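A.B. asks:
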Amino acid sequence: VQKKRKLYDKHLTQKAEQYKVGDSVGIQISDVDPTNIDVKLLPCLILSKDKKDDDFIFKIACKFGKVAIAYTVESLIDLRSACPTDLKLNEVSSLGEITVIEAAKLLVRGAVSGVICDCKTKCGTKHCPCKKVGVACSTKCHVKQRGCLNST
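Here the numbering used here is used: the first residue of the sequence shown is 19, the next is one more, and so on.
1) Helix, strand or coil for E92? Go by DSSP, reduced to three states.
2) Quick check on DSSP: helix, strand or coil for V130?
3) Measuring only the C-alpha atoms, how far is C137 from Y37?
4) What's the call for V130, buried or exposed, on a 16-neighbour Cβ count within 10 Å?
5) Between which two residues does the beta strand (DSSP E) containing D136 stretch?
6) Considering only DSSP beta bridges, list what Q20 is partnered with.
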């Protein structure tokens, strides 16, 4: 068991040393937010990489803000070859902190509003919070209702 543990630790150290500040990584959303969500990965950039004891700790940011908690290398998924261009163009230093769940909700909507509605009607008027801010209703909105007029 000790031998396998040492091999695993060596593998994690090698993987952590590959990542540099500015690299694209992903965080699996289902680990953090088990609700029904279309997107499985939150694309992020590495802001800082610190060594604490034998582990590397990564601070990351997505296009909506700096992620509030730090991650170890086990939680990161390599997206260096598939990074969205809008993520690289974003000015990270001006962004505020955000939780992964909030970022996932914003990513699902494709907007920075974070609005969820629970309308009993078909979302055809400005009474719908989503329609009011110009965002299409998503899978997080009124799950049981059919025939929404504000979905894509």
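Note that the Cβ used here is the ideal one computed from N, Cα and C, for glycine as well.
As the structure is a prediction and not an experimental result, all values here were calculated from the model.
C.D. replies: In this structure, then:
1) It is helical.
2) Model confidence at V130 stands at a pLDDT of 46, short of 50, so the residue's coordinates are unreliable; what they give is reported in the following sentence. In the structure shown, V130 falls within a coil segment according to DSSP collapsed to helix, strand and coil.
3) Rounded to whole angstroms, the gap between the alpha carbons of C137 and Y37 is 44 Å.
4) Bear in mind that a pLDDT of 46 at V130, under 50, signals an unreliable position, so the number given afterwards is only what the model happens to contain. Classification for V130: exposed.
5) D136 -> no beta strand (DSSP E), and no H or E assigned at all.
6) Q20 pairs with nothing; no bridge assigned.
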